[in-house]
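Student: Dropping the structure in here first, questions after.
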Ligand code: NAP
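Numbering (my numbering), first residue to last: 37 to 311.
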């Protein structure tokens with residue numbers, strides 16, 4: 037049977053998801069295709085209905101529809117409900133169920149490339165940013181049992197919305213910079229430093245400790261200014277393209293019930309992004 041998969045968003049012509057999911061189909065011997073559906077907001081409802089009618093196995097959702105799609109779905113997984121955003125939809129016998137794989141994808145990629153964090157839930161974590169991706173990552177870290185997570189963001193109120201009652205966990209960018217040596221893991225989730233603004237960085241890293249792990253979920257470029265500075269300080273780095281790969285792996289798992297093997301896809305994706 038030919039399985040149909042796809043991506044809804046705008047603009048998405050340069051998305052890497054077709055490449056990733058086509059490889060997963062090959063690696064698991066499922067027959068199918070993954071297509072791009074660029075949509076304007078006015079077309080979204082019609083497109084979602086068409087996906088259902090055509091019996092697609094599932095699809096991904098990206099900017100600008102991760103929230104707008106929610107009322108068009110039949111059900112939400114508890115994690116997607118908590119995060120308030122959907123990036124993966126499963127068509128389960130004609131019922132569309134929304135999931136969010138960003139947080140788990142981030143966590144899997146981090147724990148696989150830096151296994152030393154897995155058994156050390158007391159590490160001090162700083163999350164930089166309070167957008168949709170940060171919300172997913174915060175929730176996944178909490179679910180996994182990490183005990184100490186501070187959030188810093190340009191708009192502090194958005195960080196406060198994520199942490200709920202524990203407002204003291206939210207700090208200004210200035211305070212984060214000043215006290216950076218306290219943190220064992222720093223996760224950059226803003227779009228600052230993304231191509232074409234590669235000369236920008238959300239935080240100065242002069243107080244970073246050399247034993248820290250520094251992650252940046254931006255993957256274009258692979259080496260953001262933030263990661264380059266972290267490496268120059270002696271820190272271990274974690275790249276955004278790994279999150280991209282593992283959040284897609286979790287989406288595939290939701291659609292097909294098996295974890296697709298990566299078979300060196302991490303190296304190939306890195307090469308693709310390096311152009
Ligand atoms: P979002 O919801 O729009 O959030 C954007 C975040 O960036 C907010 O915290 C925002 O701060 C901050 N920000 C934006 N411009 C800023 C500036 N000039 N100075 C300081 N802070 C600024 O976006 P998102 O969906 O979370 O995505 C964020 C980034 O993550 C994007 O680059 C996206 O490509 C990347 N991402 C990567 C993956 C992956 O698989 N690797 C997955 C998802 C997202 P305010 O709240 O103050 O506006």
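Just so you know, even glycine gets a beta-carbon here, dropped at the ideal spot from N, CA and C. Fair warning: this is a prediction, and the values are worked out from it, not measured in the lab.
Cβ of residue 101 within 8 Å of Cβ of residue 42?
Tutor: Locating residue 101 in the chain shown gives position 65, counting from the first residue. Locating residue 42 in the chain shown gives position 6, counting from the first residue. Not closer than 8 Å, so no.
Student: Residues near ligand 1, CB to any non-hydrogen atom under 7 Å, in chain order?
Tutor: 99, 138, 141, 165, 166, 167, 168, 169, 170, 189, 190, 191, 194, 225, 226, 227, 228, 230, 238, 253, 254, 255, 276, 277, 279, 280 and 283
Student: Between the Cα of residue 21 and those of 218, 298 and 261, spot the shortest distance and give me the residue it belongs to.
Tutor: In the structure as shown, the chain starts at 37 and stops at 311, and residue 21 therefore has no counterpart that could be examined.
Student: What residues in its chain sit with their C-beta under 7 Å from that of residue 296, if we drop five residues either side in the sequence?
Tutor: Along the chain shown, read from residue 1 onward, the residue named residue 296 stands at position 260. Counting only Cβ-Cβ distances below 7 Å, and skipping sequence neighbours, we find 60, 63, 64, 285 and 288.
Student: Compute the beta-carbon to beta-carbon distance between residue 241 and residue 265, rounded to the nearest angstrom, for a pair I have assumed lies under 8 Å.
Tutor: As a first step, residue 241 must be located in the chain shown, where it is residue number 205. As a first step, residue 265 must be located in the chain shown, where it is residue number 229. Correct: roughly 5 Å between the Cβ atoms.
Student: Do you know how far the Cα of residue 208 is from the Cα of residue 224?
Tutor: In the chain shown, the residue the question calls residue 224 occupies position 188. In the chain shown, the residue the question calls residue 208 occupies position 172. Whole-angstrom Cα-Cα distance: 14 Å.
Student: Is there contact here, the region 101-118 with the region 131-138, by at least three beta-carbon pairs under 8 Å?
Tutor: Contact holds: three or more Cβ-Cβ distances are below 8 Å.
Student: Runs of 3 residues minimum, wholly inside the region 214-280: which ones carry the beta strand (DSSP E) assignment?
Tutor: 221-224, 249-252 and 272-275
Student: Assuming residue 179 and residue 93 make a contact with CB atoms under 8 Å, what is their CB distance in whole Å?
Tutor: By 1-based counting over the chain shown, the position of residue 179 is 143. By 1-based counting over the chain shown, the position of residue 93 is 57. Not quite, the Cβ-Cβ distance comes to about 26 Å (not below 8 Å), so this is no contact.
Student: Counting along the chain, where does the beta strand (DSSP E) carrying residue 15 start and finish?
Tutor: With the chain covering 37 to 311 only, the question about residue 15 has no answer from this structure.
Student: Sort 215, 220 and 185 by Cα distance to residue 203 and report the nearest one.
Tutor: Here residue 203 corresponds to residue number 167 of the chain shown, with the count starting at 1. Measuring from the Cα of residue 203, the nearest candidate turns out to be 185.
Student: Using the rule of at least 16 other Cβ atoms within 10 Å of the residue's Cβ for burial, across every protein chain shown, is residue 270 buried or exposed?
Tutor: Indexing the chain shown from 1 puts residue 270 at position 234. Note on residue 270: under 16 other CB atoms within 10 angstroms of its CB, so exposed under the neighbour-count rule.
Student: Drop a sphere of 10 angstroms on the beta-carbon of residue 103, count the other beta-carbons inside from all chains shown, and report buried for 16 or more, exposed for fewer.
Tutor: Within the chain shown, the letter at position 67 stands for residue 103. Exposed.
Student: Would you tell me roughly how many angstroms separate the C-alpha atoms of residue 79 and residue 72, rounded to the nearest one?
Tutor: Sequence index remark: in the chain shown, residue 79 carries index 43 (1-based). Sequence index remark: in the chain shown, residue 72 carries index 36 (1-based). Rounded to whole angstroms, residue 79 to residue 72 spans 14 Å at the Cα level.
Student: Look up residue 60 in the DSSP assignment and say whether it is helix, strand or coil.
Tutor: Locating residue 60 in the chain shown gives position 24, counting from the first residue. Residue state, collapsed to three classes: helix.
Student: Should residue 137 and residue 256 be called a contact, given that it needs their Cβ atoms to be closer than 8 Å?
Tutor: Residue 137 sits at position 101 when you count from the first residue of the chain shown. Residue 256 sits at position 220 when you count from the first residue of the chain shown. It is not a contact, given that the beta carbons lie outside the stated cut-off.
Student: Could you work out which residue in 245, 69, 253 and 68 is closest to residue 169 when comparing CA atoms only?
Tutor: The residue labelled residue 169 in the question sits at position 133 within the chain shown. The candidate whose alpha carbon is nearest that of residue 169 is 253.
Student: For residue 128, list the residues DSSP reports as bridge partners.
Tutor: By 1-based counting over the chain shown, the position of residue 128 is 92. Beta-bridge pairing links residue 128 to 131.
Student: Could you round the C-beta distance between residue 222 and residue 205 to whole angstroms and report it? I think they count as a contact, below 8 Å.
Tutor: The count along the chain shown starts at 1 and reaches residue 222 at position 186. The count along the chain shown starts at 1 and reaches residue 205 at position 169. That belief does not hold up - the Cβ atoms of residue 222 and residue 205 are roughly 15 Å apart, past 8 Å.
Student: Between which residues of its own chain and residue 157 is the CB-CB distance below 8 Å, once the five residues before and five after are set aside?
Tutor: As a position in the chain shown, residue 157 is number 121, starting the count at 1. Cβ within range, chain order: 180, 181, 182 and 183.
Student: Among the residues of its own chain, which have a CB less than 6 Å from the CB of residue 54, if the five just before and after it don't count?
Tutor: Taking the chain shown and counting its residues from 1, the one referred to as residue 54 is at position 18. Counting only Cβ-Cβ distances below 6 Å, and skipping sequence neighbours, we find 70.
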